[in-house]
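Q: Numbering (the numbering used here), first residue to last: 10 to 412.
For glycine and all other residues, C-beta sits at the position ideal for the given N, C-alpha and C.
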Ligand code: SF4
């Protein structure tokens, strides 16, 4: 099996290439030819990039002329997963920061809402990620979501996602709080349905907890639920991965994201790599192939994809959705077709000039303590969006006009 299925392509967004080629009038066959002959990409990967590019077309056509998406980062988790490289902190000390963090966030929400109003943009999608947003208590979630609702005009929002990733952070009160604030899409992410692996990767919950969390979410009225799995977790073989996918699909998520294991430099896995039985690239490729066939048989099609550094077998991550359930936010962020304004720790605001495809970024700090202490600086970094910052290197007038 080829250990370099994407050939000489190294970028993280191969589907963007397919999008550009389609946009320049190339046929499906010509797109496939380009990937295979110019880049040395395998046929099935070229077809994947093409299908994701095709999935983008209706979403882009329906996008508001002056739409933006909002992202809010909640950098807390109940514990740190073995492979995680995000700034998330599961310590008691970090947990004590949660109320102050939400207070700071509310100030950034208010400030950012003022900017969005001033530049005349319409909020199209909202995504609250992390970390695990449901690590916050239901009171803090309620407080944050109330602030968001009162500061922004959310009347034209098409999709409102909250990652409720870890089942050990979910309870009925939190789910009902999300529902009360019109959240219509959540993620419950098992990664694996094998209890032994869940323990190995540092998750303090069982596969049964995932089934229970899904049942609870359904009973609270959520019918659009994404689930993430990882192909190639340490110690897992094809049968274990197959079991995970079969169990996940019994729970009938609308959207299943299949990640391929990536050994990230700042993860515990990278630090203690020799202690773990890592899946080889060939097995990971078989897992990914199985997922594509299995999910396709269940009526799910790939709609977005991206690659990361150090992925087993140089593979990719793919979102598969039932018809009508492709996440707009995932499409916008992966294909970089809409400005995303981020708030909270680790947030990266990304402005997209649709006329030129020029992209600019504004970064927030990553650590909650820094974020709370340096909030004013975070707020004023966003001034550039209104063109108030005289030394702006952002061509704000350009992207604003094109939004
Ligand atoms: S749930 Fe996600 S963000 Fe939290 S520790 Fe695990 S991988 Fe990292």
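Assess contact between the region 44 to 51 and the region 74 to 83, defined as three or more Cβ pairs (one per stretch) separated by less than 8 Å. Is contact present?
A: No: fewer than three Cβ pairs fall under 8 Å.
Q: By Cβ distance, which residues of its chain are closer than 7 Å to residue 307, with the 5 residues on each side in sequence left out?
A: Excluding sequence neighbours, residue 307 sits near 258.
Q: Return the Cβ separation of residue 249 and residue 191 in integer angstroms, given the expectation that the two are a contact with Cβ distance under 8 Å.
A: That belief does not hold up - the Cβ atoms of residue 249 and residue 191 are roughly 38 Å apart, past 8 Å.
Q: Got a sec, what are the start and stop residues for the beta strand (DSSP E) residue 311 sits in?
A: Taken as a continuous stretch (DSSP letters only), the beta strand (DSSP E) holding residue 311 covers 310 to 315.
Q: Measuring straight from C-alpha to C-alpha, what distance separates residue 376 and residue 212?
A: One C-alpha to the other measures close to 22 Å.
Q: For ligand 1, is there a heavy atom less than 7 Å away from the beta-carbon of residue 241?
A: Result no, Cβ not under 7 Å from ligand 1.
Q: If you draw a straight line from the C-alpha of residue 74 to the C-alpha of residue 284, how long is it?
A: Cα to Cα, the separation comes out at about 52 Å.
Q: In the structure shown, what three-state DSSP assignment does residue 241 receive?
A: In the structure shown, residue 241 sits in coil (DSSP, three-state: anything other than H, G, I, E or B).
Q: Considering only heavy atoms of ligand 1, does any lie closer than 7 Å to the CB of residue 95?
A: Correct: residue 95 has its Cβ closer than 7 Å to ligand 1.
Q: Near residue 157, which residues of its chain fall below 7 Å by C-beta distance, leaving aside the five closest residues on each side in sequence?
A: Only 118 meet the Cβ criterion.
Q: Would residue 393 be called buried (16 or more neighbouring beta carbons within 10 Å of its own) or exposed?
A: Burial call: buried.
Q: What does the Cβ neighbour count give for residue 71, buried or exposed, with the cut at 16 atoms within 10 Å?
A: Residue 71 should be labelled exposed.
Q: Where do the ends of the alpha helix (DSSP H) carrying residue 339 lie?
A: Residues 337 to 344.
Q: So the candidates are 303, 225, 40, 68; which of them puts its Cα closest to the Cα of residue 4?
A: The structure shown does not extend to residue 4, since the chain is modelled only from 10 to 412, so the question has no answer here.
Q: Return the CA-CA distance between residue 21 and residue 49, expressed in angstroms with no decimal places.
A: Straight-line Cα distance between these residues: approximately 16 Å.
Q: Look up residue 370 in the DSSP assignment and give the residues it is bridged to.
A: DSSP lists 359 as partners of residue 370.
Q: Going by other Cβ atoms of all chains shown within 10 Å of its Cβ, with 16 needed for buried, is residue 168 buried or exposed?
A: Label assigned to residue 168: buried.
Q: Can you tell me whether residue 264 is helix, strand or coil according to DSSP?
A: Looking at residue 264 - three-state DSSP - the assignment turns out to be strand.
Q: So for residue 351, helix, strand or coil by DSSP?
A: If DSSP states are grouped into helix, strand and coil, residue 351 belongs with the strands.
Q: Please return the same chain residues whose Cβ sits closer than 6 Å to the Cβ of residue 301, not counting the five positions on each side in sequence.
A: If we look at residue 301 and ignore the five residues flanking it on each side, it has no Cβ neighbours.
Q: Could you have a look at residue 178 and say whether DSSP puts it in helix, strand or coil?
A: If DSSP states are grouped into helix, strand and coil, residue 178 belongs with the helices.
Q: What is the DSSP secondary structure of residue 69, counted as helix, strand or coil?
A: Helix, per DSSP.
Q: Comparing C-alpha positions only, which one of 24, 32, 95 sits nearest to residue 276?
A: Looking at the Cα atoms, 95 is the closest of the given residues.
Q: Answer yes or no: does any C-beta atom of chain D fall closer than 8 Å to that of residue 87?
A: The displayed structure is made up of one protein chain only, and chain D is not part of it.
Q: Given the structure, does residue 140 come close to ligand 1, in the sense that its CB is under 7 Å from one of the ligand's heavy atoms?
A: Yes.
Q: For the beta strand (DSSP E) that residue 91 lies in, which residues bound it at each end?
A: Unbroken run through residue 91: none, as it is neither H nor E.
Q: Where residue 147 and residue 183 are concerned, what is the direct C-alpha to C-alpha distance, given to the nearest angstrom?
A: Rounded to whole angstroms, residue 147 to residue 183 spans 5 Å at the Cα level.
Q: Is residue 322 near ligand 1 - that is, is its Cβ less than 7 Å away from at least one heavy atom of it?
A: Incorrect: residue 322 has no Cβ contact closer than 7 Å to ligand 1.
Q: Where does residue 295 land, buried or exposed, given buried means 16+ other C-beta within 10 angstroms?
A: So residue 295 counts as buried.
Q: Under three-state DSSP, which class holds residue 173?
A: DSSP places residue 173 in coil when its eight states are reduced to three.
Q: For residue 24, which of helix, strand or coil comes out of DSSP?
A: Helix, per DSSP.
Q: Using 8 Å as the threshold, is the C-beta distance between residue 233 and residue 261 below it?
A: Not a contact, by the Cβ cut-off of 8 Å.
Q: State the beta-bridge partners of residue 138 as determined by DSSP.
A: Residue 138 pairs with 82.
Q: Quick check: residue 381 and residue 361, are their CB atoms within less than 8 Å of each other?
A: Not in contact: residue 381 and residue 361 (Cβ atoms no closer than 8 Å).
Q: Taking C-beta to C-beta, are residue 176 and residue 237 nearer than 8 Å?
A: Taking 8 Å as the Cβ cut-off, residue 176 and residue 237 do not qualify as a contacting pair.
Q: Is residue 149 closer than 8 Å to residue 108 when the C-beta atoms are compared?
A: Yes.
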